[in-house]
Amino acid sequence: MPPQRAGQKRKVVEVPRPQHNGEQEISNDALDGAMDDDADSEQDLSGDQTDEEIDHEYALDSDEVPTSAEDVEEKVRSQIERLKTAAQNADGDEPNYTITTDANGNERYVYRDIEAEYDSDDSAPATTNTIGDIPLTYYDAYPHIGYDINGRRIARPAKGEALDSLLDSIDLPEGWTGLTDPTTGKPLQLNAEELEVLKKLTRNEAPGEGYDPYPDMVEYFTGKGMEEIMPLSAAPEPKRRFVPSSHEHKRVMKIVKAIKEGRIKPFREPTDEEKERAEAELEYASYDVWANEQPRADHPMNMPAPKLPPPGYEESYHPPPEYLPSKQERDEWEQQDDEERVRDFLPQDHSALRKVPGYAQFIKEKFERCLDLYLAPRVRRSKLNIDPESLLPKLPDPQELKPFPTTNATLYRGHEGKVRSISIDPKGQWIASGGDDGTVRIWELLTGRQLWRVKLSNSEPVNVVSWQPSQEACILAAACGETVHFIVPQGHLCSPEVDAASRELLDAGFGYAASNPSKTAAGSDKPNPATWARPSTALQDKGILLTLTLRSTPKTVTWHRRGDYFSTVSPANSTASSTAVAIHTLSKHLSQYPFRRLKGLAQTACFHPSRPHFFVATRQSVRIYDLQAQKLEKELRPGARWISDISLHPLGSNLLISSYDKRLLWHDLDLGATPYKTLRYHSKAIRGVHFHPTLPLFADASDDGTLQVFHGKVVGDSMENATVVPLKVLRGHKVSRELGVLDVQWHPREAWCVSAGADGTIRLWT
Amino acid sequence: MATTTSTQTERSSQVRIHLKSRTPDIELPQDTGPILVSTDLKRFQLSTLVNRLLDTEKPVPLEFLINGQFLRTSLDQFLTANGISAETTLTVEYVKALVPPLYVSSYEHDDWVSSVDVLSSSSKAAEWAATGYANATPRILSGSYDGLLRVWNMSSEVVATGTGHNAAIKSARFISPTQVVSSSVDRTICLWKYDDSSESKNGQASLTPSLELYGHKASVDHIAVHAPTSRLLSASADHTIGIWSTKKNEAPAAPETLLPDTSTSNKRRKLSSSTASTKQASQRGPLRLLHGHQSQVSSVCFDAHDPTVAYSTSWDHSQKTWDLPTGTCVDTRTTAQSLLSLCTLPSMSLLAAGTSARHITLIDPRASAATISAMTLRGHTNAVIALTQNPTNTHQLVSGSHDGTCRVWDLRSVRSEAGSERVADSVYIIDRESAKGKKPSPAHEGIKVFDVCWDEEVGVVSAGEDKKVQINKASS
């Protein structure tokens with residue numbers, strides 16, 4: 001058979017080839033034919049059909065159209081040959097071999113190949129769906145449900161109409177399940193046998209037929225004819241069992257004798273008394289080791305009873321007064337915990353023994369003794385019993401930090417409207433004040449007498465007054481409007497010498513300006529924004545000897561400690577940032593603007609007491625400039641929203657910043673850009689803050705009408721942080737139109753401070 | 001003793017007291033020994049008892065001091081309050097009672113009155129004068145902030161007015177019945193000739209400046225006088241103390257720089273000099289200026305026994321003792337407060353100094369004294385600005401303070417406080433009459449007392465911010 005034909009004809013079917021080696025044409029043909037038979041004939045098991053019939057059938061049934069006569073002939077021949085062998089196979093008696101002669105001439109049995117035939121009882125229908133292990137739903141869209149082994153489509157069984165299925169459900173056939181056999185797609189029917197198996201499985205019974213789960217018990221030992229005989233004797237009781245035992249008699253007599261002799265005491269019911277005693281003994285077992293202590297020589301093995309200390313004076317009912325606790329000791333003792341107390345009592349004084357009251361702790365101590373015996377803890381205490389307050393370092397008592405101002409000693413009344421600024425003269429005799437009424441007044445410090453006044457303006461308030469800090473001269477700078485007036489107060493306040501010295505100091509600059517014409521005047525096109533001028537003679541008679549007119553309204557005037565330089569700050573929004581801060585030289589009548597452009601709105605400025613440093617406070621930061629090196633040294637960020645005032649400690653390493661957002665900030669300049677301490681004690685904005693020039697004190701003034709005095713001690717060695725203790729709230733100023741105290745200043749030596757109020761009064765606090 | 005039996009029989013408890021007195025004129029004729037009295041007795045009953053023992057024709061009111069405290073309650077309450085057993089013998093010292101100085105009158109001024117002094121037959125100025133004070137009626141001298149010096153008679157009339165100072169007068173004193181001295185804020189001290197010989201005719205006396213003393217460079221705040229040596233002491237705000245002579249020929253010439261220069265002096269000065277005083281008083285300088293204080297000198301006074309020794313107090317917290325002939329500072333005592341006023345207590349050899357810390361410190365100026373503050377008198381509520389001793393009783397003094405009160409203190413009534421500090425309370429408080437019935441003003445505004453003077457005849461005279469000189473006198 002030409003192989004290409006087979007390849008053309010049967011595409012799908014894989015032909016199993018059980019024998020690969022020793023291929024002979026015959027066997028091959030035979031196999032082919034067998035396969036053909038399997039595939040085509042309907043009665044493949046009918047072995048008793050005649051060869052011709054089969055052949056014809058084959059020839060006719062074959063859908064192949066023979067291409068040539070030669071092909072047909074060959075096929076027929078091979079068929080015949082195959083039928084012959086088949087006939088031999090079918091005949092069981094026939095030997096399975098053929099006898100041939102080998103090369104030596106001997107007989108040789110040549111066995112036929114054993115054909116692998118299906119002789120198992122395979123009753124399953126031949127139409128096996130061969131689509132593999134895929135769900136049938138894949139074929140839902142097709143009219144077939146798969147392919148048989150020959151590659152033919154297996155048609156989907158006709159499904160009845162809905163009515164048919166309804167009828168089927170009513171007329172249930174035998175073994176109906178309602179399920180569909182997934183392999184065939186036909187309704188799955190179960191026969192009676194299978195149903196029986198299922199039924200048994202649901203009942204948890206053995207599914208197999210003929211299995212008896214309860215077989216009859218086989219009695220191997222007690223069954224009939226297998227009884228065992230017990231080994232006990234069946235002999236009657238002996239006589240001796242009825243005669244009393246002489247041995248027992250002997251033993252009883254022994255006990256009787258012992259009782260008679262009293263060696264054994266028979267049980268007697270104990271009396272009540274004895275019972276009580278026994279119970280008491282059971283309860284207490286007191287062992288007083290030293291009950292009958294005899295005095296003995298000193299010996300390591302002898303432990304004498306411990307000696308109780310004799311009662312002291314403090315245990316007396318009438319102790320000497322020095323043993324009586326003071327109020328403070330008493331409070332301390334009462335505050336202490338029981339276990340911390342050195343003594344568990346306080347000495348008390350009774351004038352007579354009969355007045356000594358009963359012991360108040362009696363019941364309590366008995367109870368606690370009981371607790372001890374019961375081994376119960378007397379006090380339940382948590383392990384970590386630390387008062388958080390106690391961890392804080394102890395602040396000194398304000399009483400120990402005297403002197404500081406406590407009372408309002410003097411009231412200075414006279415200003416109409418707010419008093420905006422005050423200043424105590426360097427000698428500490430007078431107070432200068434300036435206010436909304438445009439006047440500058442000078443007051444006697446202790447008495448409150450107004451010694452002198454001058455009116456600078458009818459419309460504008462006096463914003464700042466500030467004494468020049470030198471001892472030799474007596475010059476008051478007062479800023480009113482855009483002009484800073486330099487005043488030598490009249491009215492016998494200063495002696496002719498001082499007066500002359502002051503005038504000379506103020507006039508010195510005119511000579512300097514004449515001899516050294518300033519650069520701006522020499523030709524630079526930049527107009528000088530500050531003008532130094534001599535006022536009119538009428539004003540000169542009043543004591544105003546020099547004026548400095550700026551282009552903006554200065555709100556602060558701060559002197560350098562030597563009194564030659566001073567700085568003005570104009571914080572108004574309209575002021576150009578370059579002219580907001582100015583440093584002026586009094587002796588040269590020179591004004592300088594150190595900042596070409598200043599970041600933020602300048603609020604106030606001050607000089608360092610010993611170094612050439614200049615502090616400028618803008619709304620939110622404080623910058624420290626080195627005036628000699630002309631560079632920014634440091635910038636402080638206190639975190640305030642609007643700084644109102646700054647004050648530098650006389651030693652120069654600590655800075656106080658007050659802000660309108662109610663905070664007072666202490667900056668240690670050695671520590672960094674953030675505040676060392678923040679003090680929030682005021683309920684309204686803080687207007688001003690000031691360090692005492694000599695004493696460790698500072699005070700702030702707030703819009704809530706109070707001043708607060710603090711102790712602020714700075715240690716020079718920078719090993720210790722500054723101590724800040726709030727000391728006193730000074731109340732007295734009335735709040736008028738949301739404004740309280742506007743300025744606070746310290747006396748140069750004493751612990752006295754002066755405050756200027758929006759209510760038009762100045763107050764001295766001592 | 002028989003008294004013990006009586007103690008048991010009587011119901012009310014009794015206490016044994018031992019009466020004694022330090023004043024010779026009311027001493028008991030003979031020592032009575034312990035007397036048993038009922039503890040119900042109060043001051044009045046005890047006073048009657050002692051008066052009966054003294055057998056005086058007119059009963060003298062007496063006060064009783066027990067352990068340095070005045071008896072204000074009954075004996076029983078006193079014993080209970082002080083924890084004294086009734087079985088002990090009490091030593092009771094009796095003193096003449098201070099009759100409460102009652103308000104007499106007020107002299108109205110135009111301005112604040114800064115200083116006050118009294119001239120009477122018993123005053124110092126009269127004692128120093130060789131002739132005594134012939135005029136029977138006392139005179140009161142007052143210096144005011146309006147720069148005027150006034151002399152008043154007892155019927156609140158101005159007898160004489162002195163115009164000459166250009167600024168407020170800070171201190172004014174009688175030197176003698178014919179001489180007055182005043183110091184002023186205008187840095188000068190002025191000696192005035194007081195002539196009341198013409199008073200008998202028209203009821204007016206004359207007050208004419210006789211000497212102007214220049215030397216201080218600042219306000220002259222206080223002056224002290226000693227007439228027998230014709231010396232003046234002045235305390236000035238320029239940190240110096242000036243020694244001056246009241247005699248024109250003794251005093252050196254005034255320093256040129258301090259004289260009012262006609263060319264530079266202001267208009268007011270010119271006007272006053274041209275109109276008020278046609279006859280220019282002669283100008284003199286200081287004998288010596290004592291430097292040493294670090295701050296303004298608040299007060300100065302002579303030693304009561306030795307006019308060559310002076311004491312001064314200053315705002316620099318110190319009290320200094322000066323030897324005047326050599327002009328050296330002998331001793332310095334530094335306290336904790338500014339000292340504002342000073343007076344000597346010769347009988348106790350102490351100095352009383354009023355402080356700005358609202359109390360009076362008693363300083364022992366002797367070199368042997370161990371402690372600076374011998375005693376503290378507490379009670380004032382503002383700076384103590386003036387101190388004067390009682391002229392009749394050396395144990396009493398009066399203080400004037402900015403709190404608007406004058407307080408009378410008795411140094412015999414003392415209690416000890418913690419820290420071995422001796423403290424006394426005031427015996428009597430003199431309020432300002434002008435402040436009566438008014439709401440207490442804050443910071444004692446308008447009622448401050450600036451000066452106080454205690455005279456035997458006139459009583460306690462105080463001047464103050466209420467523009468009044470107030471006289472309080474014990475009614476006898």
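Protein chains in written order, with full-length UniProt numbering: chain E, 1 to 766; chain R, 1 to 476. C-beta atoms are modelled at their ideal positions from N, C-alpha and C, and glycine is treated no differently.
Query                                                                                                                            : Result
Proximal chain E residues relative to S338/R, where beta-carbon distance stays under 8 Å                                         : E750
Own chain, CB closer than 7 Å to V557/E, minus 5 neighbours either side, in chain order                                          : V464, S466, A477, A479, V484, F566 and T568
Residue 769/E versus A538/E: straight-line alpha-carbon distance, rounded                                                        : The requested residue 769/E is not part of the displayed model; chain E covers only 1 to 766.
Distance between beta carbons of S295/R and H239/R, contact taken as under 8 Å                                                   : 6 Å
CA-to-CA distance, V427/R to P391/R, given in whole angstroms                                                                    : 17 Å
is_contact[Q296/R, chain E] using C-beta, thresh 9 Å                                                                             : yes
For W333/E, the three-state DSSP class (helix, strand or coil)                                                                   : helix
N- and C-terminal bounds of the alpha helix (DSSP H) containing F44/R                                                            : R43 to L54
Nearest neighbour of E314/E, chosen from C370/E, L308/E and Y323/E [CA to CA]                                                    : Y323/E
Helix, strand or coil at T377/R according to DSSP, with G and I counted as helix                                                 : Checking the sequence, you will find Leu at residue 377/R rather than Thr. Correct three-state label for L377/R: strand.
Cβ shell of S263/R (< 6 Å), same chain only, five flanking positions each side left out                                          : Unreliable placement is indicated for S263/R, whose pLDDT of 46 sits below 50; the coordinate value is still reported in the next sentence. Taken in chain order, the list of residues that qualify is empty.
Backbone secondary structure at D117/R - three-state DSSP                                                                        : strand
Where F242/E sits in the DSSP three-state scheme                                                                                 : helix
Chain-ordered neighbours of L258/R on chain E, where CB pairs are closer than 9 Å                                                : S495, P496 and E497
Best match in Q620/E, A605/E and P215/E for proximity to V581/E [C-alpha to C-alpha]                                             : A605/E
Cβ pair residue 795/E, A629/E closer than 9 Å                                                                                    : The shown model of chain E, from 1 to 766, leaves out residue 795/E, and the question about it has no answer.
The stretch 690 to 697 of chain E contacting the stretch 636 to 656 of chain E, beta-carbon criterion three pairs below 8 Å      : yes
Where residue 477/R falls: helix, strand or coil (DSSP)                                                                          : Limits of chain R in this structure are 1 at one end and 476 at the other, which puts residue 477/R out of reach.
Any C-beta of chain E under 9 Å from that of P440/R                                                                              : no
Any C-beta of chain E under 9 Å from that of W112/R                                                                              : yes
9 Å Cβ cutoff, A756/E in contact with chain R                                                                                    : no
Length of the line joining the Cα atoms of F710/E and L730/E                                                                     : 11 Å
R16/R to S413/R span [Cα, whole Å]                                                                                               : 21 Å
The stretch 328 to 344 of chain R in contact with the stretch 448 to 456 of chain E per 3-pair CB rule at 8 Å                    : no
Neighbour flag for A538/E against chain R, beta carbons, 9 Å                                                                     : no
Same chain, Cβ closer than 7 Å to E108/R, neighbours up to 5 away in sequence not counted                                        : K467 and K468
Residues, ordered as in the chain, of the stretch 329 to 360 of chain R that lie near chain E by beta-carbon distance below 9 Å  : A336, Q337, S338, L340, S356, A357 and R358
Beta-carbon proximity check, T376/R vs R333/R, cutoff 9 Å                                                                        : no
Boundaries of the beta strand (DSSP E) in which D272/E is found, first to last residue                                           : No beta strand (DSSP E) holds D272/E; the alpha helix (DSSP H) holding it covers D272 to E283.
Extent of the continuous beta strand (DSSP E) to which D700/E belongs                                                            : L697 to S702
Contact set for Q396/R: own chain, Cβ-Cβ below 8 Å, skip 5 residues either direction                                             : L98, Q389, N390, V408, W409, D410, L411 and V427
9 Å Cβ cutoff met for S156/R and S171/R                                                                                          : no
Stretch-stretch touch, CB-based, cutoff 8 Å, three pairs: the stretch 432 to 450 of chain R with the stretch 77 to 89 of chain R : no
Minimum Cβ-Cβ distance from A172/R to chain E less than 9 Å                                                                      : no
CB of K427/E within 9 Å of CB of A751/E, strictly                                                                                : no
Cβ pair count under 8 Å reaching 3, the stretch 106 to 126 of chain R against the stretch 447 to 464 of chain R                  : yes
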